[in-house]
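What follows is the structure, encoded as structure tokens:
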């Protein structure tokens with residue numbers, strides 16, 4: 001569900017805003033030449049959307065790849081590990097303090113899927129994906145809304161605050177439901193924000 005909304009919100013915002021820019025004949029900086037497709041000229045707004053959405057999806061895939069690599073390499077246990085696993089012989093396993101226990105047997109009724117999921121605390125896909133998609137949209141709105149009248153500035157600010165708040169709420173929800181440690185959520189959000197910044201400044205969004 002998150003991934004659907006995370007992709008749908010930015011793409012919808014881009015389609016609507018580019019349609020408004022085309023309607024108001026705002027000078028274009030991304031698509032400045034005619035492009036042909038099957039012998040027909042592709043409208044400038046479609047060229048722009050192709051670039052912007054393509055860059056957005058590439059960044060989303062990059063962020064998700066980084067997240068999955070960390071998730072399946074680190075294997076950090078989730079906060080609700082003990083309740084889910086109910087490890088046997090804790091008194092024996094914890095006899096020597098400050099040691100990392102690699103081999104243990106779960107005594108609970110957790111399924112194989114749950115036992116696999118309990119090792120995927122770092123890094124959270126929800127926080128990294130929401131951070132990337134919402135910050136990309138915030139920066140997109142900042143770059144593609146050139147109007148400086150009070151109504152446009154107020155609308156832009158409200159949308160940007162709402163998007164950042166949505167990403168923040170998503171990250172906090174991963175802590176409150178005991179699915180991730182706070183440090184995991186912080187790392188995931190930082191990764192998402194970083195990828196968004198790199199994609200925006202290296203892509204065509206903020207091109208002169």
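In this note's numbering, the protein residues as written are 1 to 208.
Cβ coordinates follow ideal geometry from the N, Cα and C atoms, glycine included.
Q) Which of the three DSSP states, helix, strand or coil, is assigned to residue 106? A) Translated into positions along the chain shown, residue 106 becomes position 106. Three-state result, residue 106: strand.
Q. With distances taken from CA atoms, which of 4, 6, 17 is nearest residue 156?
A. If you number the chain shown from 1, residue 156 lands on position 156. Nearest to residue 156 by alpha-carbon distance, out of 4, 6, 17, is 17.
Q. In chain order, what residues of the same chain lie with their CB nearer than 7 Å to the CB of residue 47, ignoring the 5 residues before and after it?
A. Here residue 47 refers to the residue found at position 47 when the chain shown is read from its first residue. Once the five neighbours on either side are set aside, the close Cβ partners of residue 47 are 31, 35.
**Q.** Boundaries of the alpha helix (DSSP H) in which residue 159 is found, first to last residue
**A.** For this step, residue 159 is matched to residue 159 along the chain shown. Residue 159: member of the alpha helix (DSSP H) spanning 150-176, first to last residue.
Q: Pull up the CB-CB distance for residue 92 and residue 139, whole angstroms please, since I reckon it's below 8 Å.
A: The residue given as residue 92 occupies position 92 in the chain shown. The residue given as residue 139 occupies position 139 in the chain shown. Not really, about 54 Å apart at Cβ, beyond 8 Å.
Q.
Pull the bridge partners of residue 37 from the DSSP assignment, please.
A. Counting from one through the chain shown, the residue named residue 37 turns up at place 37. The secondary-structure analysis by DSSP pairs residue 37 across a beta bridge with 40.
**Q.** Pick from 186, 33, 15, 51 that is closest to residue 129, judged by C-alpha positions
**A.** The sequence position of residue 129 within the chain shown is 129, counting from 1. Checking every option, the nearest Cα to that of residue 129 belongs to 186.
Q: With DSSP collapsed to three states, give me the class of residue 97.
A: The sequence position of residue 97 within the chain shown is 97, counting from 1. In this structure, residue 97 counts as coil in the three-state DSSP scheme.
Q. Which one of 147, 106, 68 has the shortest CA to CA distance from residue 26?
A. Looking up residue 26 in the chain shown gives position 26. Of the listed residues, the one whose Cα sits closest to residue 26 is 147.
Q: Using the DSSP secondary-structure output, state which residues sit across from residue 87 in a beta bridge.
A: Along the chain shown, read from residue 1 onward, the residue named residue 87 stands at position 87. DSSP, once it has assigned bridges, lists 106 as partnering residue 87.
Q.
On the CB-based measure, 16 or more other CB atoms within 10 Å of its CB, does residue 273 come out buried or exposed?
A. Coverage of the chain is limited to positions 1 through 208, which leaves residue 273 absent and any answer about it impossible.
Q.
Please report the straight-line C-alpha distance between residue 177 and residue 14, rounded to a whole angstrom.
A. Numbered from its first residue, the chain shown carries residue 177 at position 177. Numbered from its first residue, the chain shown carries residue 14 at position 14. Rounded to whole angstroms, the gap between the alpha carbons of residue 177 and residue 14 is 32 Å.
Q: Determine the DSSP secondary structure at residue 26, reduced to helix, strand or coil.
A: Here residue 26 refers to the residue found at position 26 of the chain shown. The answer is coil: DSSP assigns residue 26 none of H, G, I, E or B.
(Q) By alpha-carbon positions, which one of 41, 81, 9 ends up nearest to residue 115? (A) Your numbering for residue 115 matches position 115 in the chain shown. Of 41, 81, 9, the residue nearest in Cα terms is 81.
Q: Given a cut-off of 9 Å, decide if residue 97 and residue 179 are closer than it, judged by their beta-carbon atoms.
A: If you number the chain shown from 1, residue 179 lands on position 179. If you number the chain shown from 1, residue 97 lands on position 97. With a cutoff of 9 Å on beta-carbon distance, residue 179 and residue 97 are scored as not near each other.
Q: Have a look at residue 108 and residue 169 and give me their C-alpha separation to the nearest angstrom.
A: Residue mapping note: residue 108 aligns to position 108 of the chain shown, counting from 1. Residue mapping note: residue 169 aligns to position 169 of the chain shown, counting from 1. Looking at the two C-alpha atoms, the distance is approximately 32 Å.
Q) What number of angstroms, rounded off, separates the C-alpha of residue 57 from the C-alpha of residue 159? A) Within the chain shown, residue 57 is the residue found at index 57, counting from 1. Within the chain shown, residue 159 is the residue found at index 159, counting from 1. Rounded to the nearest angstrom, the two C-alpha atoms are 21 Å apart.
Q: From the DSSP output, in three-state form, read off residue 121 for me.
A: To locate residue 121, count along the chain shown from 1; it is residue 121. In the three-state scheme derived from DSSP, where H, G and I count as helix and E and B as strand, residue 121 is classed as coil.
Q) So, helix, strand or coil for residue 144, using DSSP? A) The residue labelled residue 144 in the question sits at position 144 within the chain shown. Annotated three-state conformation of residue 144 is helix, per DSSP.
**Q.** residue 78 in three-state terms, based on DSSP
**A.** As a working mapping, residue 78 is identified with position 78 in the chain shown. It is coil, neither helix nor strand.
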